[in-house]
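In what follows, a structure is listed as structure tokens, so that the remarks can point back to it.
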Amino acid sequence: MDDIATRTTADPPTAAAPMRREFSMWSAAMLGFVFVSPIVAMYMVFGLGLAAAGPGFWWALVVVLIGQVLIGITFGVLASRWPMAGGVYQWSRRLLGPAYGWFAGWAYMWTLMITLTAVSYGGALFAAAAFDLDAENQTLMTFVGMVILAGAVLVNVLGRAAVRIVGFLCLVAEVVGSVGIAVWLLGFHKVNSVATLGSAVSWPSDTAFMATPFVLAVMFAGWSFLGFESASTLAEEVGEPKRDIPKAIVGSLIGVGLVVLFTCFAFLMAMPESAAAEADPVAATLTAYLPAPAFKAVMILFTIAYFATVVAISSAVSRIVWSYGRNGELPVSRHLSRLHGRINTPTIATVVTGTIGILLYLPFQSEQIYTLLVTFVTAGFFMSFGFPIVGLAISKLRGTWDRSEPTFLGRAGHVAGWLALVWVIVETVNVLWPRTGDPLVDWAPFIVTAALFVIGLAIRASLGLRARPVEPVPAAAGAEA
2 MDDIATRTTA
12 DPPTAAAPMR
22 REFSMWSAAM
32 LGFVFVSPIV
42 AMYMVFGLGL
52 AAAGPGFWWA
62 LVVVLIGQVL
72 IGITFGVLAS
82 RWPMAGGVYQ
92 WSRRLLGPAY
102 GWFAGWAYMW
112 TLMITLTAVS
122 YGGALFAAAA
132 FDLDAENQTL
142 MTFVGMVILA
152 GAVLVNVLGR
162 AAVRIVGFLC
172 LVAEVVGSVG
182 IAVWLLGFHK
192 VNSVATLGSA
202 VSWPSDTAFM
212 ATPFVLAVMF
222 AGWSFLGFES
232 ASTLAEEVGE
242 PKRDIPKAIV
252 GSLIGVGLVV
262 LFTCFAFLMA
272 MPESAAAEAD
282 PVAATLTAYL
292 PAPAFKAVMI
302 LFTIAYFATV
312 VAISSAVSRI
322 VWSYGRNGEL
332 PVSRHLSRLH
342 GRINTPTIAT
352 VVTGTIGILL
362 YLPFQSEQIY
372 TLLVTFVTAG
382 FFMSFGFPIV
392 GLAISKLRGT
402 WDRSEPTFLG
412 RAGHVAGWLA
422 LVWVIVETVN
432 VLWPRTGDPL
442 VDWAPFIVTA
452 ALFVIGLAIR
462 ASLGLRARPV
472 EPVPAAAGAE
482 A
């Protein structure tokens with residue numbers, strides 16, 4: 002099947018050279034794994050989930066993982082048909098047309114760039130704990146965060162070999178810092194009963210459904226398993242993408258999910274009663290059992306994990322921008338679509354997205370704007386996921402989805418698409434639901450989404466985008482069986 006949509010652009014597609022296929026399925030899966038990062042996934046939600054639902058928030062992680070696997074399988078179906086750099090952007094424009102795809106990629110692109118800044122800042126806080134820096138000094142933390150972000154951009158500029166090496170080293174740090182510590186906690190410091198995991202199932206009679214502990218825990222857990230789809234952005238750099246990219250997407254997600262579930266379980270079983278009341282129960286649990294030098298070593302591992310995530314985000318967002326540039330759908334597309342001659346990677350797109358990430362530190366100095374942007378991120382991911390999933394459902398209902406062409410997991414993949422549609426709608430509503438009473442937090446996703454939509458309209462108008470046939474899947478990818 003070729004494409005049913007039309008594409009819009011002010012100019013013909015740029016004559017971008019094809020990327021070299023130097024990544025394996027394992028490399029793509031590794032990118033997805035370190036993007037999600039068991040350490041980052043656990044640490045970002047552990048305290049919030051514990052406060053919302055007690056130890057039983059662990060079950061919310063199980064629910065979210067199942068839902069995300071449905072999304073991952075659906076993305077695998079789309080990647081097996083259209084294995085192209087850009088993922089969400091390219092799939093959406095082929096399902097429901099170029100304007101729909103443009104805004105899908107636009108939302109996803111900015112979600113990633115805001116995440117790039119937020120995660121690098123989180124890494125700075127762990128670096129402060131590891132190297133005795135003043136975490137209360139916002140200027141210092143901003144500088145450290147910028148250094149982490151710049152370092153991640155440099156790794157990507159150096160090429161695929163550098164990304165693979167750093168990814169592998171960070172993967173080792175992830176395993177030691179999550180699985181290793183979890184085994185140690187369960188083996189030597191288990192103090193709680195498995196029965197404590199039942200704490201999330203209560204529903205206080207005076208509490209609205211959307212404010213019940215388990216619903217809140219599912220909302221917080223939504224952050225845990227984001228980024229697995231980044232493997233799809235390497236589709237044009239993998240030898241057999243129709244076969245390997247779906248496996249990389251789903252495999253990286255399941256791998257991270259199992260590690261997160263095991264690590265969170267271990268911390269819940271070993272957490273002292275005093276640590277549960279702390280603002281940072283993970284750090285409180287570690288300090289209860291570890292001497293200071295060992296604790297600092299763990300903080301170094303956590304910093305490395307955050308750095309790995311930033312490297313993976315930089316890789317993913319640069320490929321999306323490069324894909325836009327190749328289609329002539331962003332300003333200065335001819336530059337954004339260039340590949341560095343020697344290493345054949347989108348160096349300009351990498352530097353541009355990294356620069357935007359660093360510049361986002363300026364509005365991050367305002368607590369209100371920081372809240373706006375960071376609150377948007379989780380909703381931004383789920384809204385971005387919704388574009389291709391809704392597009393696929395509509396395409397099936399219209400009869401424009403060619404079921405005769407084999408795709409990932411066959412009929413099971415077809416069923417997963419409908420279940421993923423239900424899940425992405427439910428979790429998007431859950432994440433967007435205004436429940437805190439703080440107007441800035443409650444309406445941040447809507448405010449940022451509206452602002453991005455207006456800016457997107459302005460950019461499309463300035464480019465004078467008009468309809469053209471959608472370009473075919475690159476021959477090397479399209480030829481795969």
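In the working numbering, the protein residues as written are 2 to 482. All C-beta atoms in this analysis are idealised placements derived from N, C-alpha and C, irrespective of residue type, glycine included. Model, not experiment: these values are computed from the prediction.
Straight across, the Cα-Cα distance linking P389 with D403 is about 16 Å.
Between S179 and I359 the beta-carbon gap is near 29 Å, outside 8 Å, which marks them as no contact. By the Cβ test, the segment 80-87 is in contact with the segment 234-253, since at least three Cβ pairs between them sit closer than 8 Å.
When the alpha-carbon of L113 is set against those of A380, W419 and G465, the nearest one is in A380.
Within the same chain, Cβ atoms closer than 7 Å to the Cβ of S28 are found at R165, the five residues on either side in sequence being excluded. DSSP places E274 inside the alpha helix (DSSP H), whose first and last residues are E274 to A277. Between the alpha carbons of A209 and A222 lies a gap of roughly 19 Å. CA-CA distance, P446 to F189, rounds to 43 Å.
Separation of W323 and F229 (C-alpha to C-alpha, rounded to the nearest whole angstrom) is 20 Å.
Cβ-Cβ distances below 6 Å link L453 to W111 in the same chain, with the five nearest sequence neighbours on each side left out; the list follows chain order. Distance between E330 and A462, taken at the CA atoms: about 11 Å. Taking the C-beta atoms as reference points, F365 is found no nearer than 8 Å to V425. Taking the Cα positions, E241 is about 52 Å away from S275.
Note that the C-beta distance between L337 and G326 is below 8 Å.
Residue state for F409 is assigned as coil, using DSSP reduced to three classes. Three or more beta-carbon pairs separated by less than 8 Å are not found between the segment 262-273 and the segment 401-421, which leaves the two stretches without contact. Of the residues assessed, P332 falls on the exposed side of the cut-off, its CB having fewer than 16 other CB atoms within 10 angstroms. In the three-state DSSP reduction, F226 falls in the coil class, being neither helix nor strand.
Non-local C-beta neighbours of F386 in its own chain, meaning closer than 6 Å and more than five positions away in sequence, comprise I72 and V425, ordered along the chain.
Inter-residue distance for L374 and P99 is about 27 Å (C-alpha atoms, whole angstroms). Fully contained in the segment 44-93 are the following alpha helix (DSSP H) runs of length 4 or more, in chain order: 58-82.
Residue nearest to G411 within the set V427, A285, R95 and R244 is R244 (criterion: CA-CA distance). V449 has no beta-bridge partner at all, per DSSP.
Looking only at V148, L126 and R436, the smallest Cα-Cα distance to N138 is reached by L126. Annotated as proximal: V154 and V352, with beta-carbon spacing under 8 Å. Beta-bridge annotation (DSSP): V239 is paired with F24. The beta carbons of L150 and T118 sit closer together than 8 Å. By the criterion of a C-beta distance shorter than 6 Å, I301 is surrounded in its chain by A131, once the five residues flanking it on both sides are discounted.
Exposed is the label assigned to V195, since fewer than 16 other Cβ atoms lie within 10 Å of its Cβ. According to the DSSP assignment, V156 belongs to the alpha helix (DSSP H) that extends over Q139 to L159.
If you ignore the 5 residues before and after A280, its C-beta comes within less than 8 Å of the C-beta of G48, all in its own chain and listed in chain order. Secondary structure of E330 (DSSP, three-state): coil. A distance below 7 Å between beta-carbons, with the five flanking residues on each side excluded, links L172 to the following residues of its chain, in chain order: M31, F34 and V35. Annotated three-state conformation of P19 is coil, per DSSP. Per DSSP, reduced to three states, the secondary structure at V177 is helical. For the 8 Å CB-CB criterion, T304 and G124 form a contact.
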